[in-house]
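Here's the structure we're looking at; comments come further down.
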Amino acid sequence: MYFCSGLGPGRLQRREPSGRTELRRAASGERHSLLLLSDGTVHAWGDNSRGQLGRRGARRGDRPEEPIKALETLQVVFVSCGKEHSLVVCHKGRVFAWGAGSEGQLGIGEFKEKIFTPKKIKALDGIKIIQVSCGDYHSLALSEVDGQVFSWGKNSHGQLGLGKDIPSQASPQRVRSLEGIPLAQVAAGGAHSFALSLSGTSFGWGSNSAGQLALSGKDVPAQSYKPLSVGRLKSLDVIYISCGYEHTAVLTQNGKVFTFGDNCFGQLGHSPTAKKSGPQEVERIDGLVSQIDCGSFHTLAYVYTTRRVVSFGHGSSCISSPPHPEAQTENSDISCLISADDLVGVQVKHIFAGTYANFVTTYQDTGSTDVSKKTLPEISRINPSRTEQWMAMTSGSNEREATKSEIRMIFSSPACLTASFLKKSQRESGEMNSIDVDLQMAKDTFEKLTQKQWISFMITTCLRDHLLGALPCRSPHQEALSVFLLLPQCPVMHDPSNSESLVVPFAQAVCKMSDRSLRVLKQCWASLQESSLSTLVQMLKSAIIAQMAPWIETHQKNCNIKALLEMMKEVYKVNKATCQLPKNTFIINELSTMLNFIEVRRRMFYRDDNLITPGNFSPIIFSDFPFIFNLLSKIKLWQADSIMKIWLSWVKSQSRFHNPVLQRRDDESQIRHGISPKFLLQVRRSHLVDDALRQLNQAEVTDLRKELVIEFINEIRSVGYGVKSEFFYFIFQEMTKTEYGMFMYPEEGSYMWFPISPKIEKKRYFLFGRLCGLSLYHLNVADIPFPLALFKKLLDQKPSLEDLKELSPLLGKNLQEVLNYEADDIGEALCIYFSLRWDQHNVDLIPNGISILVDQTNKTDYVSQCVDYIFNTSVKAVYEEFQRGFYEVCDKEILRLFHPEELRTAIIGNTDYDWKQFEKNSVYEPEYHESHPTIQMFWKAFHKLTLDEKRQFLFFLTGNDRQTARGLQEMRITFRCPETLSERDYPRPLVCHSILDLPRYSTMERLEEALQVAIRSNRGFVSPTVTQR
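In short: position in the sequence shown from 1, add 22, done, that's the working numbering.
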C-alpha cells in the first residue's frame, strides 16, 4: 500500500499497486509521475506532450495501470524525473532516458526536442550507474565502480559543475573536481546540484541566486561553476540532501532538518518574512526526522518519533504567480499529510516529493523498532564480512571470479578504497581537523588480505594498472586526498620489487599536485599519528634504496629517484614543523656506501657555475636533500669537498684547463698519489703554538685549502694522518688551557667560552678559527671543549637557555627557576634585577638595568636577555674574528647540511667506544691471523685495560684518542709481524696507517708488560735512530 497526495489541498489517496507487487520508488516532474514497482517495472501517468510517459499515444490523466513496454525486459532499480524528462537505471547499471531533450538533459548525444520511448545513454556504456537525479533541465549520475559523478544538460548557471563558459552538454561529462571523493548521494534541483560524501561533507554548485548553495563569505557568488565544499554544513553531520527548485533541505544524523534558499512559499519551514540566511533548523517539527524530500516549492518530512508525514511550502497553484502575503503566512505552516491514525497496521517505508505530488510507501507493521530511512545504492567498498569472504575463497570455486571482480573494482578506484576505511563522524568529539580515514583499520585489513598470495597479486596489479593512474592529484578536497594516506599502509607498497611500478608513480602523483592540493595533503600528514607517518617515510626510504641498488644512472632512474626524494622532502618539511618523528627517521644509512661523494660534490660545482641548464640531462644533486644523509655521509661529502678543492688548486696551478671542474676522475687520482700542492707547517715542539700561529698568519687563503703537511723540526716529515692528528692534539690542548688565557671556564670542569675582556690580541681568535677550520678540513678530530652553542652560531642558529645550561649548569638552573616561579611576589622573593654577573663582570642587560626589578611580566625577557648577552652581545668582536678565520678554510654551503650536534661531532669527535667492534675490524697480515696465540693474548690483554689506558693505546696507534664521526666501526688495527722484531722488542706503531708491528710474544706476562710500556712511551715522531732498540 502507498499514499499519494497532491491532487488538491488536503486530499490524500490510499492506493494499492496492481497484482502482488509493491511500490519501491516514485518520482514526479512538473506534470508527470513515475512509479517503480518491486517487479522492476515502471508505470507512468500525467502529461505526455513532451514524451514524458515513455510511450506514444498516452493521454493526460491516464492511470498507471500498464508498465512502460520499452522497459519491460529490463529490471529497473532507480527512477528520477526532471521538469519534463525521465531517467531510469536498470540492475546492470545502464541508464535510459526519454521526454524533453532540447537542452541535452537526456544525455543521448543530441539536443532532441522530445523522445517518446526510452533510449539508452550509450556514453555511459561500460560504467555501472547506481544513482541518477534530474533537475529541471539537467541530470546527474553516480557510478558504482569509482564513485564518479557525471552531468549533462543545461549549464546556464554552472549546474553541471564542469567550469565556467561550458555550454550545455548533450552527453554525460565527468565532474572531475569530485574525483576520488567517496560519494553517498547526488541531488539535482531546479538549476543547482549537490553531492554528499559518505563522511557527511556537502558539495554544491550551480545557481545560488536564492542562497540554495548555502555559500558564505564577503562576496557570495550568484552561481558556482564547480563543486564547492559547503562550510556551513560541515558541522551538521549531514546524511541526506534534497533539492527543490531554488531551495535545499538537509537531514542530519541526529534527526534534525535544516533548510536554505528561496522561502517565498514557506518551503523552508519558517516564515517567509524572516530575514535569515544560510542553513536554519526547522524547529517547528515536533519530533525527530528520518526522511526528507523536496518538491519544487515544498518540503516533505517523515517524523518517525510521532509517526507523521509533514509538509511545508506550496503546492499546485504556485506556478501561476506568487501568492499574497496572507497566503505566504499560511503556507509557512507545517501541515500533517499522514498521521499515526492513518498508519494503523503499517509503517512508513519511504517518502517521495515531486513538483506538486507526494508519495509515501508503507510496509506491514511487525513491531520492529528500526527507524525507516531512505536507502540509496552505494559505491563498492571493503567491510569485515567481505574481507572474510575473500579470505575463504578456494581455488576453483564458482565464487572466485566474482570475488576477483570485487577486488578489481575496489582496488582500482581511489573513491572506493577511501570509502572502505572512512571513520565514523567525529564532529561530536570536536575533532574537526582530523583525517577522514582509519589508517590502523586499513593497515590491519591490507596485512590480512595480502597473506593470500593471489589477493596480494591482484591488489598489486590493480594499483599498478588502474588506481595509481587515477589518483586525484588536483583535487583540493581532503576526502579525495585520503587515498594518499591509505596506500602507504598496504604491504605491497613496501615490497622493494614494487618500488618502480607502485611507489614511484605514487610519488610522481604527489609531485604533480597543485599548490592547493599539496597544502591540504601536508595538513593531513601533520595530523597523522607517529606510526602512520613513520610507515610513509619507511615506504619512501625502501623505494629509494631499491632504485639505487645497483646504482646505474639513467634518465629514467634520475626521474624516479627525484620524484621519491621530492616527496620525501615535503614530508620532511611537515615533520620539521610538527616534530612527530625524530629527525634521524629520514636518514638513509645505505647512502654512505652507495654514493660516489666526489661526483655529488662535482655536481654542486656544476650547478653553482650554471653548467646545468633545463635543456640538458639534469642529474640528481643528492646534497639538495641533506635530511637523508647520516653523519658519515655528510663527512664523506665534506671529505669530497676537500679533495675537490685540493684538486682544483693543483689543476689551476698547472694552468691545464679553462674550467677544471669539467674534468673527470683521472686527475683526481693524481691527488691520491701525492701530486698536489702542499701547505707546509714547520714547528718546534717547544714553541708549537707560536710557530704555528706565525705561519698561519702569513698564509694566503688559497694555501689553507691545499694539502696540509706538518713537520716537527728535527723529526720525520710525514704527509700521513698521524702527524697531523698529533699536531692538532697538542696545539689545541695548549691553547684551551685556562692559564693560556684565551678562553674562560664559567665553572670548574665546564665547557669553555669566549671572554668578555680578552687578555690576548684579537688576531689570535682569528687564527684559532683558522686552526679549527684546518682540523675539520683535514677530517681531524680534537678535544676543543666548546658547548653546542658555538656550533649553532656557526650554522646561524640562535643559542637557547638549554645551551646556557650546558655551558654554565648553575646559572642555567637559576634562570630556569626564575621562569618556573609562578607567584606574584617574584620581585620580592628573588630580588633579581636586569643585570648579570658574568666572567667576573657586573653588566646591565638593558639601560639602567640594575634598578629594574624582574617580575612576572618581564621574567621571560630577562632570561632571553641573559642568554643573548652571554652568547652574542658580550663576545661579538672576538667571536666574529673566530668565525671569519673558520670560514676562510671551510665551505659554509657544505656545513649548512650539518645539524649543530653533527658539526660538533665532526670537529671534536666522540668517546663512545665500541671495543668489541674495534677488535672485529682488525686486519692481519701474514703470518698473523685471528686464532694466532699472540693475537689472542693481545686482545685478552687489551680488554683488561682501563678506559683511560685504552684511550692511551688509541693515541699510541693513531695519534688521537678520540673517534672521528665514522667511529670505531671503521677504525681498525693492521697487525704485522716483522722478522726483525723479537720478543725483547716492544710494539711499534706506524701511526699514519694504524699499523701495529707486534712481536711474537710467548707469554701473557711479557705481552702485558710490553703493551704497558708502549702506551706510556713518549709521544712524537722522532727519527728511527732514537726509537731503535
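Backbone N, C-alpha and C define an ideal beta-carbon position, used for all residues, glycine too.
Boundaries (first-last residue) of the beta strand (DSSP E) holding residue i
i                 : result
glutamate 1031    : Looking at the DSSP string, glutamate 1031 is not in any beta strand (DSSP E); the run it does join, the alpha helix (DSSP H), is 1026-1037.
lysine 563        : Premise fails: lysine 563 lies in the alpha helix (DSSP H), 552-570, not in any beta strand (DSSP E).
glycine 228       : 224-229
tyrosine 262      : 260-265
isoleucine 143    : Unbroken run through isoleucine 143: none, as it is neither H nor E.
proline 194       : 191-196
phenylalanine 374 : 368-375
Candidates the options, of which the one nearest residue i by Cα
i              : options                         : result
isoleucine 650 : Arg625, Ile665, Leu852, Thr607  : Thr607
threonine 328  : His954, Leu919, Thr397, Asp364  : Asp364
tyrosine 378   : Leu503, Gly317, His499, Phe960  : Gly317
isoleucine 929 : Glu132, Leu1029, Leu653, Tyr891 : Leu653
aspartate 877  : Arg254, Tyr855, Gln386, Ala66   : Tyr855
methionine 561 : Ser536, Lys150, Glu748, His516  : His516
serine 456     : Val542, Pro498, Gly335, Met480  : Val542
valine 99      : Val64, Leu128, Gln74            : Val64
glutamate 88   : Tyr762, Ala66, Ala323, Arg994   : Ala66
glycine 62     : Val111, Gly68, Arg36, Gln35     : Val111
glutamate 469  : Thr440, Gln511, Leu439          : Gln511
alanine 145    : Lys785, Phe172, Ser312          : Phe172
isoleucine 610 : Arg623, Arg629, Asp713, Met590  : Met590
valine 252     : His292, Gly300, Gln289          : Gly300
isoleucine 143 : Val117, Ser155, Thr980          : Val117
methionine 959 : Phe506, Tyr1023, Glu923         : Tyr1023
lysine 580     : Asp537, Ser536, Gln530, Leu558  : Residue identity differs from the one stated: residue 580 is asparagine in this sequence, not lysine. Among Asp537, Ser536, Gln530, Leu558, the Cα nearest to that of asparagine 580 belongs to Gln530.
Exposure label - residue i; buried when at least 16 CB within 10 Å
i              : result
glycine 211    : buried
arginine 306   : exposed
leucine 726    : buried
isoleucine 735 : exposed
aspartate 392  : exposed
aspartate 458  : buried
glutamate 450  : Low confidence applies to glutamate 450: its pLDDT is 44, below 50, so where it sits in the model is not reliable, and the reading given next is rough at best. Per the 10 Å Cβ criterion, exposed.
asparagine 520 : buried
methionine 757 : buried
glycine 367    : exposed
Straight-line Cα distance separating residue j from residue i
i                 : j                 : result
isoleucine 137    : serine 55         : 16 Å
glutamine 369     : isoleucine 314    : 16 Å
glutamate 38      : threonine 483     : 51 Å
valine 514        : tryptophan 547    : 21 Å
glutamate 220     : proline 204       : The residue asked about is misnamed: residue 220 is leucine in this sequence, not glutamate. Leucine 220 and proline 204: Cα-Cα distance of roughly 6 Å.
alanine 437       : leucine 444       : 11 Å
glutamate 902     : methionine 666    : 27 Å
methionine 626    : asparagine 618    : 13 Å
serine 333        : isoleucine 401    : 31 Å
glutamine 862     : phenylalanine 893 : 16 Å
serine 257        : serine 497        : 21 Å
alanine 163       : isoleucine 149    : 11 Å
cysteine 265      : alanine 323       : 13 Å
phenylalanine 788 : valine 885        : 30 Å
aspartate 866     : leucine 237       : 58 Å
histidine 680     : serine 1039       : Below a pLDDT of 50, predicted positions are generally treated as unreliable, and histidine 680, at 49, falls in that range; the measurement from the model is reported next regardless. Each residue's Cα considered, the two are about 52 Å apart.
leucine 812       : tryptophan 476    : 59 Å
aspartate 168     : serine 215        : 20 Å
phenylalanine 790 : alanine 502       : 58 Å
leucine 837       : threonine 895     : 18 Å
glutamine 462     : glutamate 552     : 12 Å
isoleucine 356    : valine 325        : 12 Å
glycine 452       : valine 260        : For glycine 452, the predicted structure reports a pLDDT of 46, less than 50, and the residue's modelled location is therefore unreliable. A value from the coordinates is still provided. Answer to the nearest angstrom: the Cα atoms are 16 Å apart.
Any chain B beta carbon closer than 8 Å to residue i
i            : result
tyrosine 247 : This model lacks chain B altogether; it includes just one protein chain.
Extent of the continuous alpha helix (DSSP H) to which residue i belongs
i                 : result
phenylalanine 528 : 526-533
- Along the chain, which unbroken stretches of the alpha helix (DSSP H) at least 4 residues long are found entirely within the stretch 838-870? 848-852
- Query: Could you give the uninterrupted runs of the alpha helix (DSSP H) lying entirely in the stretch 750-793, keeping only those of 4 residues or more?
  - Reply: none
- Query: Which whole runs of the alpha helix (DSSP H) in the stretch 703-727 are 4 residues long or more, in chain order?
  - Reply: 710-720, 723-726
- Only counting runs of 4 or more residues, tell me where the alpha helix (DSSP H) segments fall wholly within the stretch 907-975, in order along the chain. 914-917, 922-930, 937-942, 955-966
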